[in-house]
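Working notes, beginning with the structure itself.
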Amino acid sequence: MKKFLILVIIILGLFTIDHPSIKGPRDTLLNQGIDVLSESSKITRSPAAQQARESVTRTVSLSTQEQNYINEALATDEKLREFHLRYCEENDVNLDLYAPTLMQVCNVTSSILNK
(Lines of atoms letter the chains of each structure in order from A and count residues from 1; the text may use other names and numbers.)
(Lines give C-alpha, C1' and ligand atoms only; values in the text may rest on other atoms or scores of the structure.)
Protein backbone atom coordinates (compact mmCIF):
# COMPACT_ATOMS: atom_id res chain seq x y z
CA MET A 1 0.00 0.00 0.00
CA LYS A 2 2.91 2.36 0.77
CA LYS A 3 4.42 1.80 -2.67
CA PHE A 4 1.13 2.63 -4.36
CA LEU A 5 0.73 5.81 -2.31
CA ILE A 6 4.28 6.90 -3.15
CA LEU A 7 3.62 6.23 -6.86
CA VAL A 8 0.45 8.36 -6.75
CA ILE A 9 2.31 11.21 -5.05
CA ILE A 10 5.10 11.08 -7.67
CA ILE A 11 2.60 11.10 -10.55
CA LEU A 12 0.67 14.02 -9.02
CA GLY A 13 3.96 15.84 -8.53
CA LEU A 14 4.90 15.34 -12.18
CA PHE A 15 1.58 16.80 -13.30
CA THR A 16 1.64 19.79 -10.95
CA ILE A 17 5.28 20.95 -10.97
CA ASP A 18 6.04 23.59 -13.58
CA HIS A 19 9.81 23.30 -13.61
CA PRO A 20 11.20 23.51 -17.19
CA SER A 21 12.94 20.13 -16.94
CA ILE A 22 9.63 18.45 -16.08
CA LYS A 23 7.21 20.62 -18.05
CA GLY A 24 8.76 20.06 -21.51
CA PRO A 25 8.72 16.23 -21.54
CA ARG A 26 5.34 16.20 -19.82
CA ASP A 27 3.79 18.41 -22.50
CA THR A 28 5.22 16.34 -25.35
CA LEU A 29 3.99 13.14 -23.69
CA LEU A 30 0.51 14.58 -23.18
CA ASN A 31 0.36 15.86 -26.78
CA GLN A 32 1.37 12.43 -28.10
CA GLY A 33 -1.31 10.82 -25.94
CA ILE A 34 -3.93 13.25 -27.19
CA ASP A 35 -2.92 12.59 -30.81
CA VAL A 36 -3.21 8.83 -30.31
CA LEU A 37 -6.61 9.18 -28.68
CA SER A 38 -7.93 11.50 -31.38
CA GLU A 39 -6.78 9.13 -34.13
CA SER A 40 -8.39 6.15 -32.44
CA SER A 41 -11.68 8.00 -31.95
CA LYS A 42 -12.09 8.62 -35.68
CA ILE A 43 -14.12 5.47 -36.16
CA THR A 44 -16.13 5.19 -39.32
CA ARG A 45 -19.71 4.98 -38.17
CA SER A 46 -21.20 5.49 -41.62
CA PRO A 47 -19.90 2.72 -43.86
CA ALA A 48 -22.57 3.17 -46.54
CA ALA A 49 -21.97 6.91 -46.76
CA GLN A 50 -18.20 6.44 -46.96
CA GLN A 51 -18.62 3.84 -49.68
CA ALA A 52 -20.99 6.14 -51.58
CA ARG A 53 -18.55 9.08 -51.38
CA GLU A 54 -15.70 6.91 -52.62
CA SER A 55 -17.80 5.48 -55.46
CA VAL A 56 -18.98 8.93 -56.53
CA THR A 57 -15.43 10.31 -56.62
CA ARG A 58 -14.26 7.27 -58.62
CA THR A 59 -17.06 7.22 -61.19
CA VAL A 60 -18.14 10.85 -61.59
CA SER A 61 -15.85 13.73 -62.50
CA LEU A 62 -16.65 16.58 -60.14
CA SER A 63 -15.37 20.10 -59.63
CA THR A 64 -13.97 21.00 -56.22
CA GLN A 65 -17.18 22.81 -55.30
CA GLU A 66 -19.25 19.76 -56.26
CA GLN A 67 -16.85 17.47 -54.41
CA ASN A 68 -17.18 19.56 -51.25
CA TYR A 69 -20.95 19.45 -51.60
CA ILE A 70 -20.93 15.65 -52.02
CA ASN A 71 -18.68 15.24 -48.97
CA GLU A 72 -21.11 17.31 -46.91
CA ALA A 73 -24.32 15.85 -48.35
CA LEU A 74 -23.15 12.24 -47.95
CA ALA A 75 -21.39 12.64 -44.60
CA THR A 76 -23.46 10.07 -42.71
CA ASP A 77 -25.77 7.21 -43.58
CA GLU A 78 -28.76 9.30 -42.55
CA LYS A 79 -27.73 12.19 -44.80
CA LEU A 80 -27.18 9.69 -47.62
CA ARG A 81 -30.75 8.40 -47.26
CA GLU A 82 -32.13 11.95 -47.07
CA PHE A 83 -30.17 12.97 -50.20
CA HIS A 84 -31.39 9.93 -52.11
CA LEU A 85 -35.00 10.43 -51.05
CA ARG A 86 -35.05 14.14 -51.77
CA TYR A 87 -33.09 14.39 -55.01
CA CYS A 88 -33.34 10.93 -56.56
CA GLU A 89 -36.79 9.66 -55.63
CA GLU A 90 -38.74 12.91 -55.26
CA ASN A 91 -36.80 14.68 -58.06
CA ASP A 92 -36.33 17.87 -56.06
CA VAL A 93 -34.19 20.56 -57.71
CA ASN A 94 -30.57 20.47 -56.60
CA LEU A 95 -28.79 23.78 -57.06
CA ASP A 96 -25.31 22.30 -56.62
CA LEU A 97 -25.49 19.33 -58.98
CA TYR A 98 -26.94 19.54 -62.46
CA ALA A 99 -28.99 16.86 -64.26
CA PRO A 100 -26.33 14.52 -65.75
CA THR A 101 -24.10 14.64 -62.70
CA LEU A 102 -27.06 14.28 -60.35
CA MET A 103 -28.29 11.24 -62.29
CA GLN A 104 -24.89 9.58 -61.98
CA VAL A 105 -24.74 10.35 -58.25
CA CYS A 106 -28.27 8.98 -57.84
CA ASN A 107 -27.29 5.76 -59.61
CA VAL A 108 -24.34 5.32 -57.27
CA THR A 109 -26.34 6.11 -54.12
CA SER A 110 -29.19 3.79 -55.11
CA SER A 111 -26.76 0.91 -55.71
CA ILE A 112 -25.14 1.54 -52.31
CA LEU A 113 -28.48 1.75 -50.52
CA ASN A 114 -29.75 -1.44 -52.16
CA LYS A 115 -26.80 -3.44 -50.79
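Per the working numbering, residue -15 is the first one in the sequence shown, and the count goes up by one each step. Backbone N, C-alpha and C fix where the C-beta goes; we use that ideal spot for every residue, glycine too.
Go ahead and pull the three-state DSSP assignment for residue i.
i	result
residue 5	helix
residue 38	helix
residue 73	helix
residue -15	coil
residue 99	coil
Looking only at its own chain, which residues have a Cβ that is under 6 Å from the Cβ of residue i, when we skip the five neighbours before and after it?
i	result
residue 78	71, 86
residue 54	40
Quick one: using the 10 Å Cβ neighbour count with 16 as the cut-off for buried, is residue i buried or exposed?
i	result
residue 1	exposed
residue 83	exposed
residue -9	exposed
residue 58	buried
residue -12	exposed
residue 40	buried
residue -6	exposed
Among the residues of its own chain, which have a CB less than 8 Å from the CB of residue i, if the five just before and after it don't count?
i	result
residue 44	85, 88, 89, 92
residue 7	1
residue 94	68, 72
Assuming residue i and residue j make a contact with CB atoms under 8 Å, what is their CB distance in whole Å?
i	j	result
residue 50	residue 81	6 Å
residue 65	residue 97	7 Å
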